[in-house]
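Residue numbers (our numbering): 279 to 476.
Written out as structure tokens, the structure is:
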């Protein structure tokens, strides 16, 4: 019996010591450290200030009945920083599918998703002028405005693709109605763009 006591007492003392050391580095500390490490690992990085550029292709449907629906391609160059997804300049070429008219919008482009981290949805705003070469050998430089929403399709560290749906206004001053030239209050388009940015 004494021999058994001599074995049990040191064993109990060893267990007590180990338990005390475990509580000294408490579970809450361990959990806190683990969560802190995980947060550091998975927390999204804030959008840094950097140069960015992109390109898109699109189609426009004339909503004002002037037969000016078009296909287009564009490019843009600018910066991104924090909640500004893009700010810069862009150039576009739109070719009307039913006549020989062409427009070349030159605009300031602003995109934001109202967050310092990339989000699924964002706002796309554009404004500028559009040199236009219209049917019947007419040439005008007209106001150009566009506003809409975009959705991110895919994204990497320095790459993203997106789809935007916008309403675009082209301030054309004169329009043909058949063979007759008349004053025009402007042309409105619904525009769908597929784009990529780096």
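All C-beta atoms in this analysis are idealised placements derived from N, C-alpha and C, irrespective of residue type, glycine included.
_Assuming residue 463 is part of the beta strand (DSSP E), what are its boundary residues?_
Here residue 463 belongs to no beta strand (DSSP E), and DSSP marks it neither H nor E.
_Can you check which of these residues, 377, 347, 371, 358, is closest to residue 416 by C-alpha distance?_
377
*Chain-order list of residues whose beta-carbon lies under 8 Å from that of residue 333 (same chain, five-residue window excluded)*: 351, 352, 353, 354, 473, 474
*DSSP puts residue 405 in a beta bridge; with which residues?*
386, 423
*By Cβ distance below 7 Å, which residues in the same chain neighbour residue 459 in space, the five residues on each side in sequence not counted?*
452
*Under 7 Å between the Cβ atoms of residue 375 and residue 338?*
no
*Out of curiosity, what's the CA-to-CA distance linking residue 326 and residue 395?*
10 Å
*Beta carbon of residue 390, beta carbon of residue 424: below 7 Å?*
no
*Beta carbon of residue 361 nearer than 7 Å to that of residue 392*: yes
*Quick one: is residue 411 buried, meaning 16 or more other Cβ sit within 10 Å of its Cβ, or exposed?*
exposed
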